[in-house]
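**Student:** Here you go, one structure.
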Amino acid sequence: MSSRARSRRMSGKLRITQVRSPIGRPAYQRATLIALGLNKLRRSKVVADTPENRGRIARVRHLLEVEPVAE
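The sequence shown begins at 1 in the working numbering and counts up by one.
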């Protein structure tokens, strides 16, 4: 693994962007988006890279784009 890839993985923040609508999805997926601070398409939020947030992102990964934030 290159040092660039390693530093990208070890970033302390993630930028998540909602790219799909939760309309027609189960209520728990809508609630997860709200817990992540997202409520409209194309809105972005920078969140801490914690196991809790990684779990939330995993539940709605099909509705999001995730990228590391360079500090």
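Where is the CB? At the ideal position from N, CA and C, for every residue including glycine.
#1: Given this structure, state the Cα-to-Cα distance separating R43 from Q18, to the nearest angstrom.
#2: State the start and end residues of the unbroken beta strand (DSSP E) segment that holds T32.
#3: Could you name the residues that DSSP lists as bridge partners for V46?
#4: If you draw a straight line from the alpha carbon of I16 to that of A27, how long is it in whole angstroms?
#5: Three-state secondary structure (DSSP) at P22?
**Tutor:** Reading off the structure:
#1: Roughly 6 Å separates the two Cα atoms.
#2: Run containing T32: none in the beta strand (DSSP E); it sits in the alpha helix (DSSP H), 27 to 35.
#3: Note: V46 sits in a beta bridge opposite R15.
#4: One C-alpha to the other measures close to 20 Å.
#5: DSSP, read as helix, strand or coil, puts P22 in coil.
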